[in-house]
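Using our numbering, the first residue of the sequence shown is number 335, and each one after it goes up by one.
One structure is given here, and the rest of the page talks about it.
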Amino acid sequence: MRFRRERRKLFRARFAVLTKSVLGPMLILSVVFDLVAHPKNWLATSSVRLILFLAAVLLSRSQKRISIARLGYFLPMHVLTFLMSITVCTVGQLSGYDSNVYLLRLNLVAILSFCFMPWSTVGLIISGTTIYLPFAIVAYLSPLITADLATHTHEIAAVLTTGLIGYFVNCTTVNDLRKSFERRLNLFKGGQEKDAIIDLKTRESIHLERLTTQFSQQVVSAIKSGAISIESSERREITVIFLDIENSAARAKILDASAFEAVLREFFGLVTNIFIKHNITIGTYLGDGLLAFSNAPNTSVDHQLRATRACLDLLERTALLKPHLDQLWRSNFNIRIGINSGVSTVGFFPNPEFGSYTAIGESVNLTARLCSSASPNSICMSKDFLRLVAPALRDIRVEPRGNLKDLKGFQDDAHETYSLFSSKKLGELDNCPRCGNRLTIMTDLETCHLLSCSGCGYSDVREKISLRSEKVLA
C-alpha cells in the first residue's frame, strides 16, 4: 500500500516533467522537420501538434485534482498517449508518410511511455494498446497502408521488439524503485525504532533519576532488579520505626525559620546515614518525624534486631552530637523512638505516580503511638519485642514503662511497654557523629581529651572515664 502511494507520487512527478520538459521540445523539433521536409502541409501539421500540446497542458493540470490523483492518476497519461498516437496518424495522413515513418514515431511514443513512466503490468498493456490501436484502425481502414505493411515486416518486428524491450525496462525500473523504496522505508523504520529506543531510555533514565531522588537506595535497587513493582503492594512482616523530635512545634515558633530548618536538615541527615548503614528503608518524612522499616523491600531474617541496633546507634550518635544540637536548638534537643514488628501492607502510597514506598496498617499505627509515649532519648517497645531482641544486645539499659492503656486507637488493649536506652560511655573514643570517620585525640588536657575529625572538622571534649562493658536488664 505504501509503495502504491510512492509510485503514484513518482508517476505524477514524471508526468509533469513529460508534459513540461519533454513533449514541448519534441513537438518543436517535429514542426521544424515538417517545415523542411514537407512545407506544403506545414501549417496543418503544426496546428495538430499545437492542439496536442494544449491538451497535454490541460492533462498536466488535471493531475492536481484530488479525485484524479488518488483514484485515476494514470488516466491522463493514457489519454496523452492516445492523443499522441492519433496525432502521429493525422500528421502522417496530411504529410503522406509511408508506414515505416508511422511505426518509427509510434515506437518513440512507446519507448517514452514504457521506459519513463512507472507502469504496473496492467497499465503497461493499456498504454501499449492506446499507442498502437489508432494506427491499427487506420491501417485496417486504409488499403494503401495495409498493402504497404505487407512489405515492411521488419518494422512490424521492430514494434514487437519495442514492446518487449519496454516491458522489461519497465519491470526493471519498477523493481528498482520498489527496492529503493523498501530500503528507505527500512531506514525510516530503523530511525523511528532508534528514536523510540532513545525516547524509552530517556524516559527510563528520567524515571530512575526521579526514583533515586525520591526513594531510598534499597527501593531503587529493588525496582531495578524487579524485586518489587511500583504497581502493586504486598502484605509482609516488617519492623516499623517511628521517631520524632520532642517539643518541635513549640521550638518552631521560637526559632527563626532558617535556624529551625538547619537543625532538622542536620539531624535527619544523620538519621538517613545511620539507617542506610543498617539497611533500614526510609518510608516517609513527617516534618519533625520519620517512618522507617526493615525487611522490605530487602528480606532480612534478623530484621527486628537490625532495626533495634540502628535505633541504638542513632541514640548514641545523637548523644555525642547533643551539645552541638542543643546550641542550635537553643534548648534540650531530645528525640523519641517507637519500634514494633508485625504484618503490614508495603507498597507505593497513595499511588505509584505521586506516592512513596511506605507501610500502612495496624502495626504501623501502634508504633506511632509507642513513639508518642516514649521517654526522651529512648526507644519504646513492647515486652514481646524486647524479649525477642534483648539476648543479642550489649551496652543497653532497660526501664519498664508499665501497661499503657491510653494509646489512641488501642484503648481496649493493654500494652506492657519498656524503654530502651544505650548505656555506652560517652567518654569512649568513637566515630564522628557527622561523617562517621574515626575521631583522633588532638590534645590531652589531663582530665579530658580534645577530639577532632579530620574528615569534616568536627571537634568534641571527652572525659577520661574508664571503659567497661555492662548490660542492664530490668
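Note that the Cβ used here is the ideal one computed from N, Cα and C, for glycine as well.
- In the three-state scheme derived from DSSP, where H, G and I count as helix and E and B as strand, PRO734 is classed as strand.
- DSSP places CYS645 in the uninterrupted alpha helix (DSSP H) bounded by 637-654.
- Going by beta carbons, ASN629 and GLU565 fall outside the 9 Å limit.
- Inter-residue distance for ILE610 and LEU659 is about 22 Å (C-alpha atoms, whole angstroms).
- Secondary structure note for ASP590: it is in no beta strand (DSSP E), with a DSSP letter that is neither H nor E.
- Just so you know, the alpha carbons of ARG348 and LYS354 end up roughly 10 Å apart.
- Counting C-beta pairs closer than 8 Å gives three or more between the segment 570-589 and the segment 628-647, which meets the contact rule.
- Where CYS705 is concerned, the enclosing alpha helix (DSSP H) starts and stops at 696-706.
- DSSP, read as helix, strand or coil, puts LEU620 in coil.
- Three or more Cβ pairs closer than 8 Å define a contact, and the segment 704-721 falls short of that threshold against the segment 583-594.
- At a Cβ-Cβ threshold of 9 Å, ILE669 and LEU648 count as neighbours.
- Burial is judged here by how many other beta carbons sit within 10 angstroms of a residue's own beta carbon; PRO410 has at least 16 and is buried.
- Just so you know, the alpha carbons of ILE420 and PRO468 end up roughly 6 Å apart.
- When the five nearest sequence neighbours on each side are left out, the beta carbons in the same chain lying within less than 7 Å of the beta carbon of ILE460 are those of HIS412, in order along the chain.
- Sequence-distant Cβ neighbours of ASP368 in its own chain, meaning closer than 8 Å and more than five residues away, are ASN375, TRP376, THR379, SER380, VAL425, SER429.
- Distance between VAL456 and THR464, taken at the CA atoms: about 12 Å.
- GLU696 counts as exposed, since fewer than 16 other beta carbons sit within 10 angstroms of its beta carbon.
- At a Cβ-Cβ threshold of 9 Å, ALA596 and ASP622 do not count as neighbours.
- A residue is called buried once 16 or more other Cβ atoms fall within 10 Å of its Cβ, and CYS714 is buried on that count.
- With fewer than 16 neighbouring CB atoms inside 10 Å of its own CB, SER559 falls in the exposed class.
- Residue ARG651 holds the alpha-carbon nearest to the alpha-carbon of GLU600 among ARG651, GLY617, ASN632.
- Secondary structure note for VAL677: its beta strand (DSSP E) is the uninterrupted segment 669-683.
- As a beta-bridge residue in DSSP terms, PHE576 pairs with LEU625, GLY672.
- Burial check for ASN685: the Cβ neighbour count within 10 Å stays below 16, so the residue is exposed.
- A straight-line Cα-Cα distance of about 17 Å links THR495 and ALA470.
- Within 10 angstroms of the beta-carbon of ILE608 lie 16 or more other beta-carbons, which makes it buried.
- Distances from the alpha-carbon of SER756 to those of ASP729, PHE594, ALA444 put ASP729 closest.
- Nearest in C-alpha terms to SER514, of all of SER454, LEU344, THR679, LEU438, is LEU344.
- With contacts defined by Cβ atoms closer than 9 Å, GLY617 and TYR691 form a contacting pair.
- Setting aside the 5 residues that flank it on each side, GLU580 is surrounded in the same chain by ASN668, ILE669, ARG670, PRO710, each with a C-beta closer than 7 Å to its C-beta; the list follows chain order.
- With fewer than 16 neighbouring CB atoms inside 10 Å of its own CB, ARG537 falls in the exposed class.
- Per DSSP, the beta bridge partners of TYR752 are MET715, PRO734.
- In this structure, LEU475 is the residue among LEU388, SER396, TRP453, LEU475 with its C-alpha nearest to the C-alpha of CYS423.
- The Cβ neighbour count for ILE562, taken over all protein chains shown within 10 Å, is at least 16; the residue is labelled buried.
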